[in-house]
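And the structure:
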């Protein structure tokens, strides 16, 4: 059914035409009526009819002006104009916009129906031509991808001259490519995939890249040769969109390598560059986008040493969040350093064994069998996830095993603090020496067990002690009080600390009690 809109500022004509025409017989449907050009313009935009039957002379926006506006936005809409004798000369103007049908008022049912039928015939001829062209294009589109794939494969892998391959392509497709600046985008699916996945990835990529110059699957990769004129930022956005859309359907991630930009005659070199980028997925992780810039940012870093890694102290204190943070830092250094893969693998295995020996030595034999996994994985991210999983396990095992002894240590520390409040030298390092333990480890353990930093706890106990002395002794001097609780000969600093914790100076507290 073809949609029709009527436009006339005379209601009698509007109602008359709408009622006398047998719309169904004409395979049409009257979808709207408007009393002026402005109203008609909005109606046409909303309903987008096939045919508009409109008066020429109307207030606000006349028929010619309406045709002009609509043809600019919707050139396929056909008009039949109604004209009174006095304004029929306006119809000449409509010819510029392709209007072919004019009816002189008053017009009868037969004239209107003939005009509609002729207009429908014109629409059908155009639709038939459009279908034919679409069918021909469809056949061409069916052939083109296979030719393009073959040409791209030859362009990047064969020993034929790149210029000769491009010249052949240009002759076939009547296009010019020699002046184009391009880059190679290489997609590698992670996990198990088959031909269907590669086929769909190429289709999704072609849609989002908006007709890349070439696309093809080469082995296990999908390769796109894209115009670089839009810039790297837009290219990255489109790559992210491809990944997002593909993941939404298949829940499969992918690593993407992007070459630098260069003339299309150097496509083979750009392809090798993209392959080199892809080889760095071991360090940058599966599911990353790797560019030439990424692999140029390698820095010289001293060999990573185990030494006294804070990681071991955090594990022994049972603080998993800190353990994870330390592990993140270690793997960040590994990723930046980018040693040969076999050296990195050796380092990670040594780190794993050292962790077990230092924190869970009795379980060493249980963990040895898991080293095989580290020998097989193909990305630093997988190694990191493996170590995080087992380090978390070791952290909680160690903490549960030593929890009672740790609580005993904390109680011992508290006893020392209470007995040494008057000692100006009282500090975490000083207490650590008394119990023959590492100060950093003790500090983390104290915070883990009490929820307070060591220094905060000491200050709180000193202020509490001062408050007790003030309540017991009316005339105690501030200087004496400061010396009694370890502030030495600095009563001013003692007063500041006291006020910060109680809201009063020592003198104000004495008067307020």
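Residue numbers (my numbering): 869 to 1381.
C-beta atoms are modelled at their ideal positions from N, C-alpha and C, and glycine is treated no differently.
Cβ pair residue 1294, residue 1331 closer than 8 angstroms: Remark: C-beta atoms of residue 1294 and residue 1331 do not approach each other more closely than 8 angstroms.
Close beta carbons around residue 1359, own chain, < 7 angstroms, minus the five adjacent residues each side: Cβ within range, chain order: 1346, 1347 and 1350.
Own chain, CB closer than 8 angstroms to residue 1256, minus 5 neighbours either side, in chain order: Listed in chain order, the non-local C-beta contacts of residue 1256 below 8 angstroms within the same chain comprise 1192 and 1195, local neighbours out to five positions each way being set aside.
Cross-strand partners of residue 1062 (DSSP beta bridge): As far as DSSP is concerned, residue 1062 takes part in no beta bridge.
C-beta contact flag for residue 1096 and residue 1052 at 8 angstroms: No, the pair does not count as a contact, with Cβ atoms beyond the cut-off.
Euclidean distance between Cα positions of residue 990 and residue 1140: Looking at the two C-alpha atoms, the distance is approximately 55 angstroms.
For residue 1131: DSSP bridge partner residues: Its beta-bridge partners are 1049.
Counted within 10 angstroms of its Cβ, other Cβ atoms place residue 1261 as buried (16 or more) or exposed: It counts as exposed.
CA-to-CA distance, residue 1078 to residue 987, given in whole angstroms: So the alpha carbons of these two residues sit roughly 36 angstroms apart.
Residues near residue 1068 by beta carbon distance below 8 angstroms, same chain, minus five either side: 1114, 1117 and 1118.
Residues bridged to residue 948 (per DSSP): 921 and 969.
Rounded C-alpha distance that separates residue 1383 from residue 1251: Only positions 869 to 1381 of the chain appear in this structure, which leaves residue 1383 out of reach.
Length of the line joining the Cα atoms of residue 1307 and residue 1365: Roughly 25 angstroms between the two C-alpha positions.
Residue 926 to residue 897 span [Cα, whole Å]: Going by the C-alpha atoms only, they are around 24 angstroms apart.
Straight-line gap, residue 1081 to residue 1138 (C-alpha atoms, nearest Å): Residue 1081 and residue 1138: Cα-Cα distance of roughly 14 angstroms.
N-terminal and C-terminal residue of the alpha helix (DSSP H) that residue 1242 is part of: For residue 1242, the enclosing alpha helix (DSSP H) starts and ends at 1239 to 1244.
Unbroken beta strand (DSSP E) run spanning residue 1159, endpoints: Start and end: 1157 to 1159.
Where the beta strand (DSSP E) through residue 1294 begins and ends: Unbroken run through residue 1294: none, as it is neither H nor E.
Beta-carbon proximity list for residue 1170, same chain, < 7 angstroms, skipping 5 on both sides: Confidence at residue 1170 is low in this model, with a pLDDT of 35, below 50, so the placement of that residue should be treated as unreliable; the coordinate-derived value is given next. So the list is empty, once near-sequence residues are dropped.
Cβ-Cβ distance between residue 1160 and residue 1127 below 8 angstroms: Contact: yes.
Whole-angstrom distance between residue 1246 and residue 1089, CA atom to CA atom: Computed Cα separation, rounded: 17 angstroms.
Beta carbon of residue 919 nearer than 8 angstroms to that of residue 888: The Cβ atoms of residue 919 and residue 888 lie no closer than 8 angstroms to each other.
Length at least 4, wholly inside the stretch 1282 to 1366: the alpha helix (DSSP H) runs in chain order: The stretch 1282 to 1366 contains, as complete alpha helix (DSSP H) runs of 4+ residues, the segments 1296 to 1303, 1307 to 1318, 1322 to 1340 and 1346 to 1352 (chain order).
Nearest to residue 924 (by Cα), restricted to the options 958, 869 and 914: Among 958, 869 and 914, the Cα nearest to that of residue 924 belongs to 958.
The beta strand (DSSP E) enclosing residue 1083, as first and last residue numbers: Start and end: 1082 to 1086.
Residues near residue 965 in its chain [Cβ-Cβ closer than 7 angstroms; skip 5 each side]: Here residue 965 has 935, 936 and 939 as same chain residues with Cβ atoms under 7 angstroms from its own Cβ, once five neighbours each way along the sequence are excluded.
Of the residues 1103, 974, 1054 and 890, the one placed nearest residue 1144, counting alpha carbons only: Minimum Cα distance to residue 1144 is reached at 1054.
Where the alpha helix (DSSP H) through residue 942 begins and ends: Unbroken run through residue 942: none, as it is neither H nor E.
C-alpha gap between residue 1374 and residue 1220, whole angstroms: Roughly 55 angstroms separates the two Cα atoms.
Rounded separation between residue 1202 and residue 1087 - CA only: Each residue's alpha carbon lies about 30 angstroms from the other.
Whether residue 1122 touches residue 1210 by CB criterion (8 angstroms): Not closer than 8 angstroms, so no.
Residue 1380 CB to nearest heavy atom of the ligand ZN below 7 angstroms: Absence of the ligand ZN is noted for the structure shown, with no ligands found whatsoever.
Cutoff 7 angstroms; reference residue 1021; Cβ partners in own chain excluding five residues on either side: Taken in chain order, the residues that qualify are 1084 and 1086.
Identified DSSP bridge partners for residue 901: Residue 901 pairs with 874.
Those residues which DSSP pairs with residue 1068 across a bridge: In the DSSP assignment, no residue is bridged to residue 1068.
Whole-angstrom distance between residue 1018 and residue 1173, CA atom to CA atom: With a pLDDT of 47 at residue 1173, under the threshold of 50, the modelled position of this residue cannot be trusted; read the value that follows with caution. Between residue 1173 and residue 1018, the C-alpha separation is close to 51 angstroms.
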